[in-house]
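Worksheet for the structure shown next.
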RNA sequence: GCGGAUGUGGUGAAAUGGUAGACACGCAAGAUUUAGGUUCUUGUGACUAAGAGUCGUGGGGGUUCGAGUCCCUUCAUCCGCACCA
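Residue numbers (this note's numbering): 544 to 1379.
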C-alpha cells in the first residue's frame, strides 16, 4: 500500500468481517455483574428501503458508545431490529405490485447490508423483525394478557375517519384535516375500537418523570408532562329541569370558585343530551352535523367562530337557590375532555366571554379587579355569597367542601391523556387475536393468529375483511359460526417492547424475565426527538403494565436518553418552484446558481433532508467516494449529537484529507519506531494529558469534542515527530490508535495490525488505555496577568507557585512598583488580577 | 395563547465565573510540481496607517477583582402543545 494515500477500499475489504462481527451470549450477560452490563439501544428503524443520513448519524452515535464501553470492559448489549409492520409496505405493494412481505424483507436485506458495511458493531444473533411471526405471536400473548387484566377493552370512540378509503386513520396520518392518501376531508366518526387503558397509569407516568430528571432531556420530560396534562378541579352536577333526559349534566371545571358568576351551561355536540335532542329537533341536528364536518387543523380552529344553539333546556344553579341557567350546545366544547360539558363564567374566561357577548347572555363579575373583562387572574371574590372576600385558592377549597356537603359535586383530577386507540383497519399489522361469537361475545383466539399471505390489496377498506376463509371461523368456546377480529394493532404496539425481546429473541415466552431483570433498564437510548411523546410514553407505559402482569420487575425502560438532531441540507428551487437536487447545481461564475441545463436556481433554507425536497445525500454514494471511516468521522464531527447537523460536502473532503494525513504520519512514525530512533520523551506526558480529556468527552458522549481533541492530539504528534524518540512515538501511537478506534475502526485496525505485526490481540478486544494522572498533569502553567480584569500579558511558571511569587512576577511583567496596586486577586495556577 | 430551547467570526463550533473563538470548513498569500481528491508554510473576529491600542459572545441593566457563563429586563429565531374548561 502506498505510504501517501490511505487505500480505504482495500482496508475495508480486509477488516470488514472482523469489525462487523459481534455477539454476546445470555450466559455471558448472566455471569456479568449488573453494573458491568451496558445496554446501548438505538430506536429500531422502519425498513423503508435504504439507509438515510439520519440513520447513519443515529447508529454512529450508538456504535461509538458501544465500542468505547466494550473497551472499558463492559458487557455491551447492542442489538438492532426492524419495525417492519405499517402502512408504507401496504401502499408500496398497491402502487408497485408485489406483496408487502416481500417488499419489507427485501428492504431489510438491503439495509442490513448497508449497516454492516458501515461497520456498526451489532449483535446480529439478536436481530428481530416485528412483522415476523416469531415476534408478533409473542406480542399477541401480551395482548391477551392485557385483555385478561382489563387493560385493553373495546369502546366506541371518536376517530379520524377517511370516507373514501373507509378506514380509521391515526392522528399522524391526517394532514391539514385530510387523509394523507385519499385527500378526503377527514370526519370524526364514532366507531367501536380497541383501546388501551393507559389513562389508569396517568399518575404513575407523571410521577415516573421525576426519576428521569437529568437523564432524559428536560424538553422531553416537559412534553410528556404537558401531554399527560394533569389538572385539578371539580365535578359539578347541574340538575336538569326537564324530564326524559338524564337527571343532571356533569361538568368539569378548574375554577369552581367562579360558580356564582355562572351564566349558562354548554355541552359538546357529541354529548348524550345533544344526541338525544338531535333526534327530534332539526335545528340541533343541523348544528351537530355541521360541527362533525368541522376541520380540526390549527388555522381552522384559530379562525373558527364560537357558535352554539340553545337547547330549550334549563338546569338549576347548584348554589344559588331559585336561579336557572340555559343549556347551549357549543362548538368549542370537546367531548374528549373532562365530561364533555362546561359551565360558563363569561366574566373570567375568554371563550365564555366571546360566546356570551354573541348570544347576549348575562355576564357577572365575581372577582374584584380594575382589569377589563374577561379577567382570569387572582383576586378577592365579590357577588359570591359565602365566598366573598376570599382569594381564588381559598375560594376553591371552600366551594368544593360545600359542593361535597350538599352532594352537588366533588373534587376531581382530569388528564389530557386519553386512552390509546390501538386498532387499525389495515392488513400489514399484527392481527388482534380475538374472535367474535354471537353467543359467547368476545373470545380469545388460539395463538398465533398468523396473517394470511394470499390477500387482495387495493380494494377499499381492510383486506382482511374480504378474506372469507380467514375471517369466518368456529367459536373456540361453543363451536358455532364466528368471526375473526380483522383489525390489526397500531405499530407503536410493536415498538413498545422490542428492547425486551432483544434480550432473548428466541424465547418461547414473550420476555425472558431472568435476563430482562438483570440487563434492564437500557443504559442509553438514542433516537429522534419526534418520539418524545408517542414511543417514549408508550414504552414507559408498557413497562408499568408488564410489571403489573408479572412479566418482569423493572419499571424504567431507558435510564438515559439522547435525542439526536436532524441531518439538514440546503434545499434549492428553480424559478418555477420545483425542488432541485444539490448535485445538479453548478455555479454560473457570477455567484448565480444554475442547473446543468442552465436554469436559474434559488437557495432555500437548511432543512431536514427529505426526498420530497430533494435535499438528500445518499450515504452509499459518499461511502463509495470517501470511505466508511470518513463518513463515520464526518457525521459526528463539528456538531454536538443533540443539535441539528448542517451538511457540508466541503467539510467531508476535509475529513478524508485528515485520514490520509493520519496515514502518512503513521508511516513516518512507524519507521522511527522500528528504527528505535533517539530523541525527546515529551510526547509521553502529552499523550496522557490528551487521553484524560478524550476519555472524559467519550464518557459524556460529547463526540464533536472528542474529535476535536483527537485532532489536536494528532497535530501535536505530527509536530514533534522528528524530535521524539521511537519509544515515545510508540507510546503516543498506541494511545492514538485506540482513541480513534470507536470512530474510525478500519484505519485504526489497520494501523494496529501493522504496529503489532499481527502478533497481538485484535484491537477490539484491547482495553481502553489507562491515564497516568501524574503524567497527565504538566509541571508548568501559564499565568494570565490582568489589570482590572483585562488581559495584559502572560508568563510561564512552575505549577503550584505561591501567591507571593505570582504577584511579584505579575508586577514585574507590568513594570509596576510593589504597593501601587489597590488590590491583587490571585487564582493559583491561573490568573493574577491587579486592581488599580 | 401556553410551554420549552437557542442567540459567540464568513460557516460548523470550543470555553469547572478566570487568557473568548480550541478543533475544523472556507478564504487569502507564498512554497513544492503532486498528477489519485495533492502536499507544506503563513495569515484569517472587527476597527485603526500601525501597535503591546480600542471594541467585541442579539440589545439594555445588575452582581463580581473578573461575566459568553450568574440575576433582571428586552428583542429575535426555532421547536412542542393548543377551543383542555
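Even glycine gets a Cβ: it sits at the ideal position worked out from N, Cα and C.
This structure is a prediction, so every number in the text was calculated from the model and none was measured.
Check                                                                                                                        : Outcome
Residue 554 burial status per 10 Å Cβ neighbour count (16 or more: buried)                                                   : buried
C-alpha gap between residue 1208 and residue 1261, whole angstroms                                                           : 7 Å
Where residue 1304 falls: helix, strand or coil (DSSP)                                                                       : coil
Secondary structure of residue 780, DSSP reduced to three states                                                             : strand
6 Å Cβ shell around residue 1028 - same chain, five flanking residues per side excluded                                      : 975 and 977
Residue 1092 vs residue 627 beta-carbon contact at 7 Å                                                                       : no
Rounded straight-line distance, which links the Cα of residue 876 to that of residue 1139                                    : 56 Å
Those runs of the beta strand (DSSP E) which lie wholly inside the segment 1231-1278 and span at least 3 residues            : none
Cβ-based neighbour list, residue 1311, same chain, cut-off 6 Å, excluding 5 preceding and 5 following                        : 614 and 615
Residue burial classification, residue 1273 (beta-carbon count within 10 angstroms, cutoff 16)                               : buried
CB of residue 895 within 7 Å of CB of residue 887, strictly                                                                  : yes
Exposed unless 16 or more other CB atoms sit within 10 angstroms - verdict on residue 952                                    : buried
Contact between the segment 1041-1055 and the segment 678-695 (3+ Cβ pairs under 8 Å)                                        : yes
Residue from 933, 892 and 927 with nearest C-alpha to residue 919                                                            : 892
Test item: CB-CB of residue 811 and residue 821 under 7 Å                                                                    : no
Beta-carbon separation (whole angstroms), residue 1178 vs residue 603, contact threshold 8 Å                                 : 5 Å
Secondary structure of residue 1383, DSSP reduced to three states                                                            : The displayed coordinates of the chain run from 544 to 1379. Any statement about residue 1383 would go beyond what the structure contains.
Residues of its chain near residue 633, where Cβ-Cβ distance is below 8 Å and the 5 sequence neighbours each way are ignored : 643, 969, 970, 971 and 1000
Cβ pair residue 623, residue 665 closer than 7 Å                                                                             : yes
8 Å contact criterion, which residue 659 and residue 563 should meet: CB distance rounded                                    : 5 Å
Same chain, Cβ closer than 8 Å to residue 556, neighbours up to 5 away in sequence not counted                               : none
Proximity to residue 700 [Cα-Cα], best of 749, 961, 1018 and 1097                                                            : 961
Contacting residues, own chain, Cβ-Cβ under 6 Å from residue 966 (five flanking each side not counted)                       : 736, 737 and 1030
Inter-residue spacing [alpha-carbon to alpha-carbon] between residue 867 and residue 779                                     : 15 Å
Inter-stretch contact at 8 Å, needing at least 3 Cβ pairs: the segment 797-804 / the segment 983-998                         : no
Where the alpha helix (DSSP H) containing residue 643 begins and where it ends                                               : 643-660
For residue 1074 and residue 841, the rounded distance between their alpha carbons                                           : Model confidence at residue 841 stands at a pLDDT of 49, short of 50, so the residue's coordinates are unreliable; what they give is reported in the following sentence. Answer to the nearest angstrom: the Cα atoms are 21 Å apart.
Segment contact flag, the segment 1253-1267 with the segment 1275-1286, C-beta cutoff 8 Å, min 3 pairs                       : yes
Which of helix, strand or coil DSSP assigns to residue 1102                                                                  : coil
Residue 582, DSSP secondary structure in three states                                                                        : strand
Reduced DSSP secondary structure (H/G/I, E/B, other) of residue 1041                                                         : helix
Nearest-angstrom Cα separation, counted from residue 1115 out to residue 816                                                 : 55 Å
Which of helix, strand or coil DSSP assigns to residue 668                                                                   : helix
Residue 1124 to residue 637 span [Cα, whole Å]                                                                               : 28 Å
Whole-angstrom distance between residue 958 and residue 1002, CA atom to CA atom                                             : 39 Å
Proximity winner among 1158, 1085 and 1202, relative to residue 1111 (alpha-carbon distances)                                : 1158
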